[in-house]
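Heads up: the sequence shown runs through residues -18 to -1, 1 to 94, numbered per mature numbering (1 follows the signal peptide of the UniProt record, and there is no 0).
Quick reminder that beta carbons are idealized off the backbone N, C-alpha and C, glycines included.
In this text, all values refer to a predicted model and were calculated from it rather than measured experimentally.
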Amino acid sequence: MRCSSLVLLVALAAVALCDPIGQQYLQAQRHIDSSRFPAQYVLQRLDHFNLADARTFAQRYYVNDDYWTGDMEAPIFLEIGCEGQLSGPGADGDEISMMAEAHGGKVLGLEH
């Protein structure tokens, strides 16, 4: 038991000291030129489960249609942001933009 606890502790420490998973993705998001993909907004209900609650908020989203071929059957890749601010859709070499390019699709970045 002691040995397995020690191994687990070392593994967790290694993960904590290393570059966190997804850090490259988050850095790429910070460097997206926002003039290429201006923020757009859709009015959302704050509470979808309470019909008596009519409060709303403006949910931010971004569209990257750089690779869209105009084919109405091309896929739209949905990128849902983490708990932080989203600065734009996938772009310029990240995984989701490479999939959009390969399939002639769009990327929709939705701030969560």
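Item, Value
"Three-state secondary structure (DSSP) of A84", "helix"
"Burial state of N46 (16 or more Cβ within 10 Å)", "buried"
"Coil, strand or helix - E77 by DSSP", "helix"
"Rounded C-alpha distance that separates L25 from C64", "19 Å"
"Identified DSSP bridge partners for Y49", "BP columns for Y49 are empty, so no partner."
"Proximity to E61 [Cα-Cα], best of D76, A36 and G86", "D76"
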